[in-house]
Amino acid sequence: MTYQIEVSVKCPNCGKSMMNDAVLVDGLPSIELEVAVDKQHGRLYLSQIYGSYEKIFEGVEDVPDAVVQCSCPACHNLLPIVKTCTCKAPVASVNLEMGGSVNFCTRNGCRAHSLEFENSDDAFKLFLDRDESRYL
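What follows is the structure, given as structure tokens:
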């Protein structure tokens, strides 16, 4: 059985949800970002399934290897950059609604991403909530 981890995120700047119920990716509400690619501005909708690389660009081209500048669609502030990826692009971060963060490379096509938790109970809760078997 394959386990599917669905993440819901909020802006680390303003705390508002970044989930969009109107635009579905992988059949689920998407994570919405304001983006800038070169001089184009638009939206990027990411799958909320951790490990899925499905995405929809709106108003900007889907340029392979482009570094995308990401902002919150609510407050329009840039997402914090937490480190540099092995591909040399910035790694941005959003907060999980239930605690922790999702970090992702801003280079279009790079698959580097991670979940981070300050509290191990938050990590356990995320995985337990997604465990369809509910054996515990």
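Counted from 1, the sequence shown has number 155 at position 125 by my numbering; the numbering is strictly sequential. By construction, the Cβ of each residue, glycine as well, lies at the ideal position given by its N, Cα and C atoms. All values derive from a computational prediction rather than experimental measurement.
- Considering only Tyr83, Arg137 and Leu74, the residue with the shortest C-alpha distance to Thr114 is Arg137.
- In the structure shown, the three-state DSSP call for Glu127 is coil.
- Linking Cys135 to Leu109 through their CA atoms gives a straight-line distance of about 12 Å.
- Of the candidates Asp95, Asn125, Ile61 and Asp51, the residue whose Cα lies closest to the Cα of Glu84 is Ile61.
- DSSP, read as helix, strand or coil, puts His106 in coil.
- With 16 or more neighbouring CB atoms inside 10 Å of its own CB, Gln78 falls in the buried class.
- As DSSP reads the structure, Phe87 sits in a beta bridge with Leu74.
- Per DSSP, reduced to three states, the secondary structure at Pro42 is coil, with no helix or strand assignment.
- Secondary structure at Val53: strand, using DSSP grouped into helix, strand and coil.
- C-alpha of His106 to C-alpha of Cys140: approximately 24 Å in a straight line.
- The secondary-structure analysis by DSSP pairs Val121 across a beta bridge with Lys113 and Cys135.
- DSSP places Ile35 in the coil class of the three-state scheme, outside both helix and strand.
- Annotation: the continuous beta strand (DSSP E) that includes Ile61 extends over Leu58 to Val67.
- Excluding sequence positions up to five before and after Glu36, its CB lies within less than 7 Å of the CB of Leu58, Gln78, Ile79 and Arg160, all in the same chain and listed in chain order.
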